[in-house]
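Take this note's numbering: the final residue in the sequence shown is number 205, and no numbers are missing along the way. C-beta atoms are modelled at their ideal positions from N, C-alpha and C, and glycine is treated no differently. Structure record follows, encoded as structure tokens.
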Amino acid sequence: RLVAACMRGTLADGPTAAAAADPAEQALVAAVRGESDRASLLLRGIVLGVDRLPDGDDWLHAAGVAALAAAELGDPDLADGVAELLAPHRDLVCGRGYETFVGAATYHLGCLAAVGRQWGTAAGHLNTAIRVHGELGAVAWVALAQDALAGVLASRNLYGDREDVEMLAEEARRTAARLGLRPLGGP
Numbered sequence: 019r020l021v022a023a024c025m026r027g028t029l030a031d032g033p034t035a036a037a038a039a040d041p042a043e044q045a046l047v048a049a050v051r052g053e054s055d056r057a058s059l060l061l062r063g064i065v066l067g068v069d070r071l072p073d074g075d076d077w078l079h080a081a082g083v084a085a086l087a088a089a090e091l092g093d094p095d096l097a098d099g100v101a102e103l104l105a106p107h108r109d110l111v112c113g114r115g116y117e118t119f120v121g122a123a124t125y126h127l128g129c130l131a132a133v134g135r136q137w138g139t140a141a142g143h144l145n146t147a148i149r150v151h152g153e154l155g156a157v158a159w160v161a162l163a164q165d166a167l168a169g170v171l172a173s174r175n176l177y178g179d180r181e182d183v184e185m186l187a188e189e190a191r192r193t194a195a196r197l198g199l200r201p202l203g204g205p
């Protein structure tokens with residue numbers, strides 16, 4: 019419910035925020051609320067191994083949530099640290115068994131690479147995430163990945179990117195509106 023509230027844009031004020039159980043969830047809540055110092059401290063604890071992510075199926079869920087928080091903060095060092103934790107799992111999806119889905123690891127790796135302005139790496143991961151999310155029928159996550167890729171391509175600004183940016187951003191905005199998600203920014 020925490021991630022769904024974040025996707026709808028209702029996380030900062032809702033009761034779900036109070037239920038944040040692990041350091042990754044607490045970091046996401048803090049980041050969305052604009053408490054960047056607290057979010058940064060929590061993420062640094064995760065990256066340095068002071069605060070462990072939960073074991074088993076819970077690990078991938080928490081790693082995906084930590085990646086969302088790191089991307090929200092926009093700190094390249096934290097993004098790199100979280101990406102190092104998640105990179106060995108690039109072929110998996112983040113979630114807790116059948117209970118939660120927090121997107122493909124490639125989505126998070128793409129967003130984290132974008133924080134570090136690694137445009138080519140980010141675009142590759144996000145293209146893969148769009149495909150994986152589409153194969154899984156995760157329409158909301160397809161829209162999020164399209165929006166992120168549009169931002170990456172707009173920032174990269176290579177010849178031919180502009181047309182892709184406009185198409186991706188428009189498709190992502192339409193899907194988000196249809197699903198009742200928070201408005202997506204696009205480029």
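- Query: Given that a residue counts as buried once 16 or more other Cβ atoms are within 10 Å of its Cβ, and exposed if not, what is Y116?
  - Reply: Here residue 116 refers to the residue found at position 98 of the sequence shown. It is exposed - the Cβ of Y116 has fewer than 16 other Cβ atoms within 10 Å.
- Task: Would you mind stating whether S14 and L96 have Cβ atoms separated by less than 8 Å?
- Result: Past the boundaries of the shown model lies residue 14; the chain is included only from 19 to 205, so the question cannot be answered.
- Item | Secondary structure, alpha helix (DSSP H): runs of 4+ residues fully inside the segment 136-172 | 137-154
- Query: First and last residue of the alpha helix (DSSP H) that includes P94?
  - Reply: By one-based count along the sequence shown, residue 94 stands at place 76. Residues P94 to L104.
- Pick helix, strand or coil for V120, following the three-state DSSP scheme. Reading the sequence shown from its first residue, position 102 is the one you call residue 120. Correct three-state label for V120: coil.
- V50 in three-state terms, based on DSSP: Residue mapping note: residue 50 aligns to position 32 of the sequence shown, counting from 1. The answer is helix: DSSP assigns V50 an H, G or I state.
- Locate the alpha helix (DSSP H) running through R191, then write down its first and last residues. As a first step, residue 191 is located in the sequence shown; it is residue number 173 there, counting from the start. Per DSSP, R191 is one residue of the alpha helix (DSSP H) stretching across D179 to L197.
- Please name the residue, chosen from R174, A158, G178 and V170, that lies closest to E189 on a Cα-to-Cα basis. Indexing the sequence shown from 1 puts residue 189 at position 171. The shortest C-alpha separation from E189 is found at A158.
- Message: Given a cut-off of 8 Å on the beta-carbon distance, is the pair G128 and A166 in contact?
- Response: Stepping through the sequence shown from its first residue, residue 128 is reached at position 110. Stepping through the sequence shown from its first residue, residue 166 is reached at position 148. In contact: G128 and A166 (Cβ atoms closer than 8 Å).
- Query: In the DSSP assignment, what residue or residues form a beta bridge with V111?
  - Reply: The residue labelled residue 111 in the question sits at position 93 within the sequence shown. Residue pairing by DSSP puts V111 in a beta bridge opposite A122.
- Message: D69 and L60 - do their beta-carbons sit closer together than 8 Å?
- Response: Stepping through the sequence shown from its first residue, residue 60 is reached at position 42. Stepping through the sequence shown from its first residue, residue 69 is reached at position 51. Cβ distance < 8 Å, so L60 and D69 count as in contact.
- Which of helix, strand or coil does DSSP assign to V133? Reading the sequence shown from its first residue, position 115 is the one you call residue 133. Helix.
- Three-way DSSP call (helix, strand, coil) for R200 in this model: As a working mapping, residue 200 is identified with position 182 in the sequence shown. Looking at R200 - three-state DSSP - the assignment turns out to be coil, as it is neither helix nor strand.
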